[in-house]
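Below is one structure, written out as structure tokens; the observations come after it.
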Ligand SMILES: [Zn+2]
Ligand SMILES: [Zn+2]
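Residue numbers (this note's numbering): 91 to 207.
Right under this line is the structure:
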């Protein structure tokens, strides 16, 4: 029986080509759910996508931002203590960053990767 070689689709997924359409398997899973084919070598995995957004905004210091709230879409002036106009915007930003971080590490999404802490 001919075995099709599995291959990486992206940083977060690899594909088992024994199926039509090709089975898409998370990078944290080491063998195909359907046929048991081993994951392709981890060193062939594509690099993690670059952080496209969030970065430049974080580097803007309050003094340089023109006194406007750093939360995207908020046009209120900042307080003197913070780069946000209010605690609400600060919290919004913290939550958005936490969510973005979670999305970028597939390990956190894997059911078996839960740690005891
Ligand atoms: Zn398979
Ligand atoms: Zn604001």
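Note that beta-carbon positions come from the ideal geometry of N, C-alpha and C, so glycine has one too. Note that this is a predicted model, so its numbers are computed, not measured.
inquiry  = Run through the DSSP bridge pairs and tell me what residue 114 is partnered with.
reply    = Per DSSP, the beta bridge partners of residue 114 are 105.
query = Can you find a heavy atom of ligand 1 that lies under 7 Å from the Cβ of residue 108?
reply = Checking every heavy atom of ligand 1 against the Cβ of residue 108, one is found closer than 7 Å.
ask   = Less than 7 Å between the CB of residue 101 and some heavy atom of ligand 1, yes or no?
value = Flag unset: Cβ of residue 101 not near ligand 1.
query = CA-CA distance, residue 136 and residue 128?
reply = If I take the Cα positions, the gap works out to 17 Å.
ask   = Does the distance from the C-beta atom of residue 103 to that of residue 117 stay below 8 Å?
value = Contact flag set, yes.
task = Go to residue 193, then tell me how far its alpha helix (DSSP H) extends in each direction, as first and last residue.
result = That run of the alpha helix (DSSP H) goes 177 to 194.
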